[in-house]
Structure formats: structure tokens, C-alpha cells
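Student: Numbering (my numbering), first residue to last: 5 to 172.
The following block contains the structure:
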């Protein structure tokens with residue numbers, strides 16, 4: 005169940021693109037390696053990567069709102085680029101102040117229902133398994149399982165100031 009006053013509804017592409025971007029940005033501040041971009045640069049990249057991409061369909065973007073505030077998002081493609089029977093969740097996020105209240109789980113289930121109604125057999129997404137938010141546990145609780153795993157390696161070549169979020 006959602007917190008009182010929070011509802012999930014379709015995104016309005018005519019009026020909410022900037023607010024959705026701001027919610028995505030706020031939701032992923034805790035993500036590994038996150039560094040806040042200047043607004044115009046980040047907004048342009050957001051539109052390029054998610055709206056201008058071939059699989060974009062505004063009918064599969066959902067927002068969790070309270071009043072006029074977007075507090076969570078599920079931005080999906082109805083068809084995965086590698087699997088025609090799979091819907092894909094590009095971004096799932098909830099702003100920090102609204103986490104741990106079932107909003108992300110409800111958004112995910114809402115997205116699954118939209119995929120199912122379209123005839124999709126599976127749903128997929130990518131996640132940072134070491135996320136400080138515990139996202140992997142959420143996906144497992146929703147019935148998802150790890151299908152592929154990638155490891156990332158790095159070597160420090162020169163010490164510098166760490167700009168990315170390290171703890172919550």
C-alpha cells in the first residue's frame with residue numbers, strides 16, 4: 005500500500021519532463037559515482053538518453069505524486085532492445101525523503117502490470133548491486149532474479165578529491 009496522499013499515475017510529457025528529470029536526479033544522488041551535473045547539461049543528456057531513444061513511449065512512464073510533487077518515477081520501455089518479449093525499466097527511483105514506504109515497490113508492480121497488459125512475458129532492469137539504497141533486495145522481493153552480472157574494475161592513477169556519494 006502507498007502512503008496516504010501518494011498516487012501512481014501516467015507521466016504527462018507536455019508538462020512534466022523537467023519535474024521528472026529533477027526527481028530522477030534527486031533519486032540517484034545516492035548512486036555509486038554520482039556527481040551532480042549542471043542542470044542544462046544533465047537535462048539535455050536525460051532527454052537524449054531516455055526520450056530521444058528509439059524505444060521511448062510516454063505511455064510507459066509512471067510517476068508517484070503527492071499533491072503537485074513527483075516523489076518517485078518508473079521510466080520504462082515497452083520492449084527491451086535485446087528481447088521482444090521483455091519490458092524494460094530504464095529508471096526506477098524515489099527521492100530520499102519518501103523511501104522505505106513502499107513507493108518503489110508499487111511503481112515496479114505498476115510497471116509489471118503495464119507490461120503484462122501489453123502481452124510481455126518478462127520484465128527486466130539493470131541495478132548497481134552495491135547500491136546504498138538496498139535496491140537489489142527490492143527487486144528480489146518483487147520476484148525478480150539476477151540474470152546477468154557485470155563486474156567493474158578500476159585503478160587509481162592519481163589521487164584526487166572524491167566527489168561521488170559514498171554513504172547515505
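Even glycine gets a Cβ: it sits at the ideal position worked out from N, Cα and C.
Assuming residue 54 and residue 79 are in contact, meaning their beta carbons sit under 8 Å apart, how far apart are those beta carbons, in whole angstroms?
Tutor: 6 Å
Student: Excluding the five sequence neighbours on either side, which residues of its own chain have a C-beta within less than 6 Å of the C-beta of residue 107, listed in chain order?
Tutor: 68, 76, 98
Student: Do residue 119 and residue 110 come within 8 Å of each other at the CB atom, strictly closer than that value?
Tutor: The answer is no: Cβ separation not under 8 Å.
Student: Could you tell me the distance, in whole angstroms, from the CA atom of residue 144 to the CA atom of residue 71?
Tutor: 30 Å
Student: Where DSSP assigns a beta bridge to residue 149, which residues make up the other side?
Tutor: Its beta-bridge partners do not exist; DSSP assigns none.
Student: What residues match up with residue 66 in a beta bridge as DSSP calls it?
Tutor: 14, 78
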